[in-house]
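Asks: Structure provided below as structure tokens; questions to follow.
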Amino acid sequence: MVAPLVLGVLVLVVWHLVVVAFAVPAFLLPTPLAIAQQFVAQFPVILSTAAVTGGNALVGLIAGFLIGLVLAVLAASSRLIAELTTPVVLAASAIPIVALAPVFTIMFGSTTEIARQLVVTVVVIVPVFVSSARGLRAVAPVHGDLMTSLAATPWQRARFVRLPGAVPYVMTGLRLAAPAAVIASVVAEYFGGLQNGLGSRITSAAANTAYARAWAFVVASIVLGLLFHLGGTLVERLVTRGRPA
Amino acid sequence: MSELASAKSARSAVELDGVDKRFGDVQALSGIELTLDDGEFVSLIGPSGCGKSTLLRVVADLEQPTAGTVQVGGKPARQARLDQDYGIAFQQSGLLEWRTVAENVELPLHVHGVGKAERRARAAELLELVGLADFAGSRPAQLSGGMQQRVAIARALAPQPKLLLMDEPFGALDEMTRERMQAELLRIARESGAAVLFVTHSIPEAVVLSDRVVVMTPRPGRITEIVDGRRPGRDAAELEPDDVEDVRETAAFFAAVTAVREALRKGHQ
Numbered sequence: 067m068v069a070p071l072v073l074g075v076l077v078l079v080v081w082h083l084v085v086v087a088f089a090v091p092a093f094l095l096p097t098p099l100a101i102a103q104q105f106v107a108q109f110p111v112i113l114s115t116a117a118v119t120g121g122n123a124l125v126g127l128i129a130g131f132l133i134g135l136v137l138a139v140l141a142a143s144s145r146l147i148a149e150l151t152t153p154v155v156l157a158a159s160a161i162p163i164v165a166l167a168p169v170f171t172i173m174f175g176s177t178t179e180i181a182r183q184l185v186v187t188v189v190v191i192v193p194v195f196v197s198s199a200r201g202l203r204a205v206a207p208v209h210g211d212l213m214t215s216l217a218a219t220p221w222q223r224a225r226f227v228r229l230p231g232a233v234p235y236v237m238t239g240l241r242l243a244a245p246a247a248v249i250a251s252v253v254a255e256y257f258g259g260l261q262n263g264l265g266s267r268i269t270s271a272a273a274n275t276a277y278a279r280a281w282a283f284v285v286a287s288i289v290l291g292l293l294f295h296l297g298g299t300l301v302e303r304l305v306t307r308g309r310p311a
Numbered sequence: 401m402s403e404l405a406s407a408k409s410a411r412s413a414v415e416l417d418g419v420d421k422r423f424g425d426v427q428a429l430s431g432i433e434l435t436l437d438d439g440e441f442v443s444l445i446g447p448s449g450c451g452k453s454t455l456l457r458v459v460a461d462l463e464q465p466t467a468g469t470v471q472v473g474g475k476p477a478r479q480a481r482l483d484q485d486y487g488i489a490f491q492q493s494g495l496l497e498w499r500t501v502a503e504n505v506e507l508p509l510h511v512h513g514v515g516k517a518e519r520r521a522r523a524a525e526l527l528e529l530v531g532l533a534d535f536a537g538s539r540p541a542q543l544s545g546g547m548q549q550r551v552a553i554a555r556a557l558a559p560q561p562k563l564l565l566m567d568e569p570f571g572a573l574d575e576m577t578r579e580r581m582q583a584e585l586l587r588i589a590r591e592s593g594a595a596v597l598f599v600t601h602s603i604p605e606a607v608v609l610s611d612r613v614v615v616m617t618p619r620p621g622r623i624t625e626i627v628d629g630r631r632p633g634r635d636a637a638e639l640e641p642d643d644v645e646d647v648r649e650t651a652a653f654f655a656a657v658t659a660v661r662e663a664l665r666k667g668h669q
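Quick mapping for you: the protein sequence lines, in order, are chains A and B.
If you read the first sequence in our numbering, its first letter stands for residue 67, the second for the next number, and so on.
If you read the second sequence in our numbering, its first letter stands for residue 401, the second for the next number, and so on.
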């Protein structure tokens with residue numbers, strides 16, 4: 067617990083000394099102190115913009131999670147649906163979100179959050195689908211035999227074994243998707259639309275040569291990503307508690 | 401079929417007649433003839449690949465025989481499975497880790513639509529029987545291997561089956577736990593009145609538990625000999641679980657162990 071903190075402080079000190087000693091220009095790298103000052107000065111703005119970016123990430127995360135989960139359940143229940151959905155979802159994973167963001171912005175207009183939430187949704191669907199689909203397929207042979215010996219119907223197999231057995235996999239998908247949702251939400255703001263989120267503040271600060279301020283918003287994005295990661299991990303722990311790791 | 405034969409088959413817990421099982425080119429079972437009486441404890445023993453587990457799975461209707469007939473309690477095996485006439489325990493306990501111990505025991509009843517209150521009562525009764533009443537609300541992961549296996553046995557007994565099928569249920573347990581579980585199983589089998597078909601690798605285990613030990617040999621899997629098990633001259637109903645320890649030290653026990661060992665060796669030549 068202490069070692070990473072010591073390392074972090076050391077990095078900051080070396081960073082500061084290097085920037086001062088070699089007179090590194092601010093557009094290349096501001097000092098950590100200047101970034102911290104901007105962080106404090108901009109704190110009210112950081113809070114309101116982080117709420118917008120975080121809100122978009124959360125809406126997209128929930129929507130993408132539900133869609134990914136439903137698709138995985140459908141794919142697990144029918145070979146036909148599996149063969150139809152799996153390539154589509156995997157193709158979706160190859161879509162760079164930078165390609166989607168401007169298109170969605172034009173489609174839904176630059177005065178709504180829908181485009182950004184949709185970008186997040188697409189990004190979240192993939193890990194949730196892949197992980198859930200794997201969990202739904204992973205039935206232990208002994209459980210399969212047991213349900214056969216009990217003359218269980220296909221629906222009972224799903225209800226008693228397949229669905230509850232997949233929960234840890236579904237939660238792993240959620241945990242992986244949570245920080246990715248923040249990244250998608252921030253990056254989606256780089257392509258126009260409302261100037262009310264962390265991503266748009268980063269671009270406008272950089273465009274105005276306010277480099278320390280841009281970095282302060284970058285730091286805020288990192289913190290937001292960490293919060294989502296922690297939230298995802300917490301939900302995973304809560305839902306899978308009582309199970310062997 | 402004569403009247404006498406049909407009356408007999410109605411009484412048998414299991415009746416296997418000319419059972420063959422092929423997996424591709426491998427003859428897993430060949431010409432199996434075996435009858436278990438009600439309440440009888442029969443072990444299947446033999447080296448790996450002799451088809452003892454396959455035979456158990458055929459009785460459980462988890463595998464279909466290539467030839468021959470399988471009757472369980474006078475019904476075809478498939479009907480017996482659909483009617484929940486047997487309970488089964490595997491080498492792995494196969495507990496559902498997201499359910500509590502009591503909910504695991506209730507599973508067969510849950511699948512068959514028994515009401516919640518009745519399920520609860522039956523699970524409590526069974527956990528009492530296997531000595532785990534205090535763990536009803538625990539998760540399987542909190543239990544030792546031996547305790548998990550006892551939960552699995554309680555689950556197998558939940559639908560009050562006339563037949564208990566056990567595929568090396570104590571195979572993964574240490575020797576001390578194993579001997580204690582054997583005594584427990586004898587007591588449970590007697591109290592429930594179920595016939596037991598028990599697959600094992602262990603000669604002493606087969607002898608100490610069984611009325612009859614069925615010795616099998618591989619390639620093709622077949623029955624070579626049937627040895628009378630524990631307690632010659634004693635009735636199953638008279639045997640107290642504590643006596644199992646004494647049985648292990650009797651001359652009759654050693655004689656039966658020797659007989660099984662020789663039968664296994666003969667089959668190997």
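For each residue, glycine too, the CB sits at the ideal point set by N, CA and C.
Predicted model only: the values in this text are computed from it and were never measured.
Comparing C-alpha positions only, which one of A:69, A:98 and A:121 sits nearest to residue 282 of chain A?
Replies: A:98
Asks: Anything in the region 204-238 of chain A with a Cβ closer than 8 Å to a Cβ of chain B? List those residues in chain order, please.
Replies: Listed by position along the chain: 206, 208, 209, 211, 212, 213, 214, 215, 216, 217, 218, 222, 226, 227, 230, 231 and 233.
Asks: Closer than 8 Å, CB to CB, is residue 595 of chain B near chain A or not?
Replies: no
Asks: Any beta carbon from chain B within less than 8 Å of residue 309 of chain A's own beta carbon?
Replies: Taking Cβ atoms only, chain B reaches closer than 8 Å to residue 309 of chain A, which makes this a yes.
Asks: For residue 598 of chain B, return the contacting residues in chain D, with the cut-off set at a CB-CB distance below 9 Å.
Replies: Of the protein chains in the structure, A and B, none is chain D.
Asks: Which chain A residues are close to residue 511 of chain B, counting only those with a beta carbon under 8 Å from its beta carbon?
Replies: 213, 216, 217, 218, 222 and 226
Asks: Mind pulling the chain A residues with CB within less than 7 Å of residue 557 of chain B?
Replies: Neighbours of residue 557 of chain B in chain A, taken as residues at a C-beta separation under 7 Å, are lacking, since the least C-beta distance is about 13 Å.
Asks: With which residues is residue 467 of chain B paired in a DSSP beta bridge?
Replies: B:420
Asks: Rounded to whole angstroms, what is the Cα-Cα separation between residue 271 of chain A and residue 501 of chain B?
Replies: 59 Å
Asks: For residue 151 of chain A, I'd like the list of residues in its chain whose CB is within less than 6 Å of its CB, leaving aside the five on either flank, ordered along the chain.
Replies: 137 and 141
Asks: Consult DSSP for residue 187 of chain A and reduce its assignment to one of helix, strand or coil.
Replies: helix
Asks: Check residue 294 of chain A in the structure and name its three-state DSSP category.
Replies: helix
Asks: Using beta-carbon positions only, say whether residue 459 of chain B and residue 611 of chain B come within less than 8 Å of one another.
Replies: Contact flag unset, no.
Asks: Alpha carbon to alpha carbon, how far is residue 103 of chain A from residue 254 of chain A?
Replies: 27 Å
Asks: Could you check whether residue 469 of chain B and residue 376 of chain B sit closer than 8 Å to each other, using their CB atoms as the reference points?
Replies: Any answer about residue 376 of chain B is impossible in this case: the structure gives chain B only from 401 up to 669.
Asks: What are the boundary residues of the beta strand (DSSP E) that residue 344 of chain B is part of?
Replies: With chain B represented from 401 up to 669, any question about residue 344 of chain B goes unanswered, as that position is not in the structure.
Asks: Rounding to the nearest angstrom, what Cα-Cα distance links residue 480 of chain B and residue 213 of chain A in this structure?
Replies: 15 Å
Asks: In chain order, what residues of the region 440-454 of chain B put their CB closer than 8 Å to some CB of chain A?
Replies: none
Asks: Is any beta-carbon of chain A found at less than 8 Å from that of residue 623 of chain B?
Replies: no
Asks: Take residue 153 of chain A as the anchor and find which of A:128, A:192, A:162 and A:143 has the nearest alpha-carbon.
Replies: A:192
Asks: Count the other CB atoms, across all protein chains shown, that sit within 10 Å of the CB of residue 219 of chain A; report buried if there are 16 or more and exposed otherwise.
Replies: Taking all protein chains in view, the Cβ of residue 219 of chain A is surrounded by fewer than 16 other Cβ atoms within 10 Å, so the residue is classified as exposed.
Asks: In the region 548-595 of chain B, which residue ranges form an unbroken alpha helix (DSSP H) of at least 4 residues, counting only runs that do not cross its ends?
Replies: Counting whole runs of 4 or more residues, the region 548-595 of chain B contains the alpha helix (DSSP H) stretches 575-592.
Asks: Against chain A, with Cβ distances strictly below 8 Å, would residue 604 of chain B count as a contact?
Replies: no
Asks: May I have a chain-ordered list of the alpha helix (DSSP H) segments no shorter than 4 residues that lie completely inside the region 202-246 of chain A?
Replies: 207-215 and 220-223
Asks: Please state the DSSP three-state secondary structure of residue 447 of chain B.
Replies: It is coil, neither helix nor strand.
Asks: Can residue 248 of chain A and residue 105 of chain A be called in contact, C-beta distance under 8 Å?
Replies: no
Asks: Near residue 510 of chain B, what residues of its chain come up, given a Cβ to Cβ distance below 7 Å and the 5 sequence neighbours on each side ignored?
Replies: 519
Asks: Kindly indicate the opening and closing residues of the alpha helix (DSSP H) around residue 455 of chain B.
Replies: 452-459
Asks: Name the two residues that bound the continuous alpha helix (DSSP H) containing residue 101 of chain A.
Replies: Residue range 98-107 is occupied by the alpha helix (DSSP H) that includes residue 101 of chain A.
Asks: Between the beta-carbon of residue 250 of chain A and the beta-carbon of residue 185 of chain A, is there less than 8 Å?
Replies: Closer than 8 Å, so yes.
Asks: Residue range of the alpha helix (DSSP H) that residue 151 of chain A falls in?
Replies: 145-160
Asks: Since I believe residue 433 of chain B is in contact with residue 417 of chain B (beta carbons under 8 Å), could you give me their beta-carbon distance rounded to a whole number of angstroms?
Replies: Taking 8 Å as the upper bound for CB-CB distance, residue 417 of chain B and residue 433 of chain B are in contact here, some 6 Å apart.
Asks: Can you tell me whether residue 479 of chain B is helix, strand or coil according to DSSP?
Replies: helix
Asks: Got a sec: which bits of the region 425-438 of chain B sit with their beta carbon under 9 Å from any beta carbon on chain A, in order along the chain?
Replies: none
Asks: Going along chain A, which residues have a C-beta under 8 Å from residue 474 of chain B?
Replies: What residue 474 of chain B touches in chain A: nothing, since even the nearest Cβ is about 18 Å away.
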